[in-house]
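Step one of this worksheet: look at the structure below.
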Amino acid sequence: MSVGSLNWTAYCLPSNEYSLDKAAWAESVCKAIGGESYSPVADAPTWLQLLGSGVWTMVWTAIAAFFIAFLLGSLIGILRTLPNKPLSFIGTCYVELFRNIPLIVQLFFWAFVFPQLLPLSLSTGSGEMVNGGWWQNILNDNPAVVGVFALGLYTAARIAEQVRSGINTVSNGQKNAAFAIGLNQSQSYRYVILPVAYRIVWPTLTSEAMNIFKNSAVLYALSVLNFFAYTKTMREETSQDIVILILSTPVYLVITYTIKLIMAWIEKRMAVPGLGSGGK
């Protein structure tokens, strides 16, 4: 089967989704490719529009999750390098717990187990007082919020290990010099240790930024209508597997390669000669 013989007008078929208003850009694309099955009077938006909406959902959920993961992971990574044993133990427990449990299992935990550990509150879904009713309301109304939270916590454990290794790579001479000029521990981390550590581990953080976009596909398990969820539904409704995969594969490649370019630009901007992978 040649690429030219594939039914590309499948993207112009009316979808089974009625919560979105039809977008002019999707209709224009469908008219441009001469979709015979495209119906300008259809009530539902086309699959092409839904896939575009799914890409946007994938992008913003991944960015939000990475922001959480970077901040929390940095904090946990710092805790693991402190001489305070209780704080270091807390950081170690977090990493070992969240890093060794699959993401899909963690998603189900936050969706079904965690609410049962919370006090009684009103659930708008059932109209009754149930355990973690307010959390279930969030899950029912905005599942992406719970998904971002879970994905951020999962990725934070991985980033924490990278930050820890970066901090441990900083030479003792630099650490001692920070104390020698009168900086306390928090100041030495802020002005000396972390700036060096982030430059050292930035390439690995680039990999995590790319991974978090790919891992965001799993959020469909919480009914998050992202790109993967819509492609899955479109495949089931239209049976156009090859056409859909030909489009979805480049979408992931473009997004991840864009992330790589952005992170490489940041690495180049913050490079110090002779320090980290970007130095010369």
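Residue 94 in full-length UniProt numbering sits at position 94 of the sequence shown, with consecutive numbering throughout.
Beta carbons are placed, not taken as given, at the ideal position from N, Cα and C, and that holds for glycine.
On a predicted model such as this, the values are computed, not experimentally measured, just so you know.
Distance, residue j Cα to residue i Cα
i: K268; j: L107; result: 36 Å
i: L219; j: N172; result: 42 Å
i: residue 282; j: G132; result: Summary: the structure shown does not reach residue 282, with the chain confined to residues 1 through 280, and so no result is reported for it.
i: L20; j: Q49; result: 9 Å
i: G73; j: T155; result: 8 Å
i: G127; j: W134; result: 11 Å
i: V59; j: R199; result: 25 Å
i: L117; j: F109; result: 11 Å
i: F228; j: E208; result: 19 Å
i: T204; j: N100; result: 19 Å
i: Y230; j: E96; result: 34 Å
i: S223; j: W47; result: 18 Å
i: V196; j: T258; result: 25 Å
i: N176; j: A160; result: 23 Å
i: V201; j: Q162; result: 6 Å
i: residue 285; j: G52; result: Since the displayed the chain opens at 1 and closes at 280, residue 285 lies outside it and no answer follows.
i: K232; j: I262; result: 29 Å
i: T124; j: V130; result: 10 Å
i: L13; j: V170; result: 57 Å
Helix, strand or coil at residue i [DSSP, three-state]
i: S2; result: Low local confidence applies: a pLDDT of 46 at S2 is under 50, so the model's placement there is unreliable, and no value is given.
i: V272; result: strand
i: S28; result: helix
i: V130; result: strand
i: P203; result: helix
i: P83; result: coil
i: L72; result: helix
i: P250; result: helix
i: residue 369; result: Here the chain has residues from 1 to 280 only, and residue 369 is not among them.
i: S19; result: coil
i: V59; result: helix
i: Q187; result: helix
i: Q240; result: coil
Proximity of residue i and residue j at Cβ, strictly below 8 Å
i: A10; j: V243; result: yes
i: I193; j: I167; result: yes
i: S186; j: F179; result: no
i: A44; j: N16; result: yes
i: A157; j: F98; result: yes
i: N215; j: G54; result: no
i: I104; j: A217; result: no
i: L79; j: I90; result: yes
i: F213; j: A62; result: yes
i: A144; j: T57; result: yes
i: A111; j: V146; result: yes
i: G77; j: R190; result: no
Cross-strand partners of residue i (DSSP beta bridge)
i: P14; result: T46
i: S121; result: V130
CB contact check: residue i to chain B, cutoff 8 Å
i: P83; result: The displayed structure is made up of one protein chain only, and chain B is not part of it.
* Quick one: any contact between the stretch 139-147 and the stretch 246-259, if contact means 3 or more CB pairs under 8 Å? -> no
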